[in-house]
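The structure appears right after this line, and notes come after that.
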Amino acid sequence: MSDVLNPPQDKPTSPQQPTKPQGKVLAVTSGKGGVGKTFVSANLAAALAKRGHRVLVIDADLGLANLDVVLNLYSKVTLHDVFTGKAKLEEAIIKAPGGFSVLLAGSGMVEYSRLTAEVRDDFLHVIETLASKFDVLLLDTGAGISDVVLFAVSQATEVLLVATPEPTSLTDAYATIKVLVGQQKRQNIRMIINQTARLGDGRAITVQLQQVLDRFVTAEPGRPVRLIHMGDIPEDPTVRQAIMRRQLLMQNTPGCPAGMAISQLALKIEETILNKDA
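The sequence shown: position 137 = 368 (this note's numbering), numbered continuously.
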């Protein structure tokens with residue numbers, strides 16, 4: 232797997248690049264489960280890979296990992312094996328459909344349901360080792376505000392918060408934002424609204440959340456929290472079909488409404504995050 236860990240350097244580098252952190256670490260998270268977070272992570276990775284970026288998705292939901300299910304993949308070596316010293320890190324990285332790489336976590340591992348010093352140090356080592364070897368690291372975190380989730384998010388340069396228009400999802404999204412602001416001093420949170428019914432719903436939801444945050448939440452005195460609307464992914468029956476078939480939407484039906492929305496999301500991430508300070 233050395234070819235995966237050390238992909239060909241096909242992009243020109245500028246003299247300034249060696250002095251800057253190489254690769255962007257983006258956490259894809261959510262306030263509650265069932266909002267399509269892993270679906271977004273996998274298909275966003277495929278859309279970014281299609282645009283020429285070297286992408287690695289890390290299943291950072293260490294206790295209830297399901298990225299392997301979404302991608303219909305099975306790896307003989309997982310993060311669990313790396314953490315326990317049974318395998319080397321490069322052995323756990325495999326190619327996924329869609330042209331990107333993945334690092335899968337073992338599912339149902341009770342020992343990863345809480346953040347121990349060992350888990351923290353092992354995960355930090357993985358991030359530090361891989362961040363310079365890919366253009367983008369996507370951390371598909373667990374849902375909620377457990378210490379394991381919050382630690383994974385803390386390793387990211389940017390946070391992509393996935394929510395749906397349902398009141399429970401928005402309530403949990405607000406709670407998650409409050410914790411990220413309070414504990415990590417996050418000033419910018421990027422919003423992705425999934426399963427929208429009408430064009431513009433996601434932006435309206437983001438504006439409403441912003442108004443509540445303006446009243447009740449600040450990162451620090453004089454530093455208001457800023458929600459950045461990255462895009463909507465509309466309700467689309469093709470999505471459920473892809474999930475049930477364990478296929479990537481961006482590989483099989485990229486021209487469907489949801490697929491086109493994810494392509495636009497990838498473009499916006501490229502323009503506003505990946506090319507920033509380039």
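We put the beta carbon where it would ideally sit given N, CA and C, even for glycine. All figures in this text were calculated on a predicted structure; none of them were measured in a lab.
Between the alpha carbons of Thr315 and Leu302 lies a distance of about 25 Å.
With a beta-carbon spacing of about 6 Å, Gly329 and Ala280 fall inside the 8 Å limit used to define contacts.
The beta carbon of Asn483 is closer than 7 Å to those of Ala473 in its chain, skipping five residues each way along the sequence.
Contact check between the stretch 444-461 and the stretch 475-492: fewer than three CB pairs, one atom from each, fall below 8 Å, which does not count as touching. Under the DSSP assignment, Gly490 falls in the alpha helix (DSSP H) whose first and last residues are Pro488 to Ile500.
When the alpha-carbon of Asn506 is set against those of Gly283, Gly265 and Thr260, the nearest one is in Gly283. By the criterion of a C-beta distance shorter than 6 Å, Asp312 is surrounded in its chain by Ala318, once the five residues flanking it on both sides are discounted.
Under DSSP, Ala258 takes part in a beta bridge, and its partners are Leu370 and Val390. For Arg471, the uninterrupted alpha helix (DSSP H) run begins and ends at Pro468 to Arg476, by DSSP.
In the displayed model, Gln414 falls within a helix according to three-state DSSP. A straight line joining the alpha-carbon of Asp432 with that of Ala404 spans about 16 Å. With a cut-off of 8 Å on Cβ pairs, the stretch 251-270 is not in contact with the stretch 413-420, counting fewer than three such pairs.
Relative to Leu275, the option among Ala492, Thr503 and Glu321 whose CA is nearest is Ala492. Going by DSSP, Asp292 is part of no beta strand (DSSP E) at all; its letter is neither H nor E. In its chain, beyond the 5 residues on either side, Gly254, Arg285, Val286 and Leu287 have a beta carbon closer than 7 Å to the beta carbon of Phe365. The DSSP-derived three-state label of Ser332 is strand.
Around the beta-carbon of Val266, 16 or more other beta-carbon atoms lie within 10 Å, marking it buried.
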